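*Asks:* Following numbering that gives the first Met the number 0, the numbering of the sequence shown begins with 0 at its first residue and continues without gaps. The following block contains the structure, expressed as structure tokens.
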Amino acid sequence: MNGLMTEREWIRQAYRRRPRPQWWGAQCLFAVKTRPDFRKDRAFWAFLLLLSLIAALLLPLMRPMPETSAVWAWQDRPVQEADRPRHVAAITYALPAGIELQPQTYTRQQLLRGKLLLLDADHGLPAGVPPPNTLSIANEGKGMIPVAGLDIKSGKETIAALGEWFGELRRHGVSGFSVCRGTMSIAQQRSRLSGQAHALLEKWPLSQALSRACDGMDWPGTGDCLQEYTVSIRSSDGQPLDGSAGGRLLLRTAWRYGFIRRYPNGEGEKANQFRYVGRVHAMAMTYLDLTMEKYLDWLHRVGVLTISEKEEVKYIIIASPMETTHIAMQLPKNAVYETSLDNMGFAIAACELKP
0 MNGLMTEREW IRQAYRRRPR PQWWGAQCLF AVKTRPDFRK DRAFWAFLLL LSLIAALLLP
60 LMRPMPETSA VWAWQDRPVQ EADRPRHVAA ITYALPAGIE LQPQTYTRQQ LLRGKLLLLD
120 ADHGLPAGVP PPNTLSIANE GKGMIPVAGL DIKSGKETIA ALGEWFGELR RHGVSGFSVC
180 RGTMSIAQQR SRLSGQAHAL LEKWPLSQAL SRACDGMDWP GTGDCLQEYT VSIRSSDGQP
240 LDGSAGGRLL LRTAWRYGFI RRYPNGEGEK ANQFRYVGRV HAMAMTYLDL TMEKYLDWLH
300 RVGVLTISEK EEVKYIIIAS PMETTHIAMQ LPKNAVYETS LDNMGFAIAA CELKP
């Protein structure tokens, strides 16, 4: 809008060093800048509302983490009777009296190479896991491990344990079992799932064929077979593993060579799946009669697990929550350590005491 001022007012404005407005005669015209009334501006209030919503969404992410980490959430859950371990006299849940400890520091990258990563539909491969270092089981096993194909691969440590396991079976006259599957890539998982679904299309509609193909198989990008510690073993006659004396011996001796049956009550391919977790953890899971999931949950609760042989402490397993990129664990002196993340927020160390 425009306003009027006298010459005297105009001179006063000039002494204040303000830019002179346009004038004419004793009077002048100048532009009066009015401030907008934000109280009546709907767009302004809409902007404030949007800003408050964004702040409300981002505020929880900007707050400091509480001292009690989320990994301790299991403490609020009661132990179900079916999840309780079997009572074993050789296992206790405290460090032996007088044992000396020393700090051992591990990085997350080191622990990601361990054998205890839980991998299922709810727990995918963590970021930073190194790709599996695999070899042909037939070649690395020097022909002493029966396989269903020369292209089946696994890790070197897993293959060595398989060789000892099948050697034990041969000494007992057991044969007719072979490794039918090892480490697989996501592309190989997709190809197998697609082939299985295509074969079922001859008998079932598309939706049912896909559903049946997924039964007993891991969805591409999930499952234990993405690492180098999982193999599937089947009998040559197609019977269940516990359907013969030889199969039952195979199941009974698996833990002695570091293997667990990944899904004891599984169906389809999962019924034949074995996971190499190392002898200490395989022994503990077998003694306690716990699946891998229940075993890890139990370790989170107790923190320490001690295994004795002939009343002498031989192994100690320690679980500690890990919330940063490094962890310093207090572990027994004069021991050999196997460490791993469990993909549930804990670092776990299996310690074999030296004589």
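Where a beta carbon is used, it is the ideal one built from N, C-alpha and C, also for glycine. In this text the structure is predicted, and so the values were computed from the model without any measurement.
1) Give every residue of the same chain whose Cβ lies closer than 6 Å to the Cβ of P95, excluding the five residues on either side of it in the sequence, and list them in chain order.
2) Suppose the cutoff is 6 Å on Cβ atoms and the five residues either side in sequence are ignored; what does the same chain contact list for Q195 look like?
3) Give the DSSP-derived three-state secondary structure of R83 in the structure shown.
4) Using 7 Å as the threshold, is the C-beta distance between V173 and L248 below it?
5) Could you tell me whether the Cβ atoms of P84 and L287 are closer together than 7 Å?
6) Short of 7 Å in beta carbon distance, which residues of its chain neighbour T359, apart from the five on each side in sequence? Order them along the chain.
7) Threshold first: 4 residues or longer. Then list the alpha helix (DSSP H) segments lying entirely within the region 179-223, N to C.
8) So within the region 103-186, which uninterrupted alpha helix (DSSP H) runs reach at least 4 residues, ignoring any that extend past its ends?
9) Can you tell me which of the three DSSP states K313 falls into?
10) Note down the Cα distance separating H299 from R274, rounded to an integer number of angstroms.
11) Using DSSP with H/G/I as helix, E/B as strand and the rest coil, what is Y275?
12) In terms of residues, what are the limits of the beta strand (DSSP E) holding L94?
13) What first and last residue would you give for the alpha helix (DSSP H) that runs through T252?
14) Select from P204, L240 and G162 the residue whose C-alpha is nearest the C-alpha of R255.
15) What first and last residue would you give for the alpha helix (DSSP H) that runs through L298?
16) Can you tell me where the beta strand (DSSP E) holding Q238 begins and where it ends?
17) Which of the three DSSP states, helix, strand or coil, is assigned to A89?
18) State the DSSP-derived secondary structure class of R261, mapped to helix, strand or coil.
19) In three-state DSSP terms, what is M282?
*Replies:* Taking the coordinates as given:
1) In the sequence shown, the residue the question calls residue 95 occupies position 96. Counting only Cβ-Cβ distances below 6 Å, and skipping sequence neighbours, we find V312.
2) For the purposes of this step, residue 195 is taken as the residue at position 196 of the sequence shown. Cβ within range, chain order: A212.
3) The count along the sequence shown starts at 1 and reaches residue 83 at position 84. If DSSP states are grouped into helix, strand and coil, R83 belongs with coil.
4) Residue 173 sits at position 174 when you count from the first residue of the sequence shown. Residue 248 sits at position 249 when you count from the first residue of the sequence shown. Cβ atoms of V173 and L248: closer than 7 Å.
5) Translated into the one-based positions of the sequence shown, residue 84 becomes position 85. Translated into the one-based positions of the sequence shown, residue 287 becomes position 288. Against a cut-off of 7 Å, the Cβ pair of L287 and P84 comes out as a contact.
6) The question about residue 359 has no answer, for the chain in this structure spans 0 to 354.
7) Taking only runs of at least 4 residues, the alpha helix (DSSP H) segments lying wholly in the region 179-223 are 185-199 and 205-213.
8) Counting only runs of 4 or more, we get 107-110, 136-139 and 155-170.
9) The count along the sequence shown starts at 1 and reaches residue 313 at position 314. Three-state result, K313: strand.
10) Residue numbering aside, residue 299 sits at position 300 when the sequence shown is read from its first letter. Residue numbering aside, residue 274 sits at position 275 when the sequence shown is read from its first letter. Cα to Cα, the separation comes out at about 20 Å.
11) In the sequence shown, residue 275 corresponds to position 276, counting from 1. Shown here, Y275 sits in a strand according to DSSP, grouped into three states.
12) Stepping through the sequence shown from its first residue, residue 94 is reached at position 95. No beta strand (DSSP E) holds L94; DSSP gives it neither H nor E.
13) By one-based count along the sequence shown, residue 252 stands at place 253. Its alpha helix (DSSP H) spans residues A244 to T252.
14) Translated into the one-based positions of the sequence shown, residue 255 becomes position 256. Ranking P204, L240 and G162 by Cα distance to R255 puts G162 first.
15) Counted from its first residue, the sequence shown places residue 298 at position 299. Start and end: M291 to V301.
16) Counted from its first residue, the sequence shown places residue 238 at position 239. Premise fails: Q238 is in no beta strand (DSSP E) and is neither H nor E.
17) As a first step, residue 89 must be located in the sequence shown, where it is residue number 90. In the structure shown, the three-state DSSP call for A89 is coil.
18) As a working note, residue 261 is residue 262 in the sequence shown. Coil.
19) Position 283 of the sequence shown, counted from the start, is the residue given in the question as residue 282. In this structure, DSSP gives M282 a helical state, which the three-state scheme calls helix.
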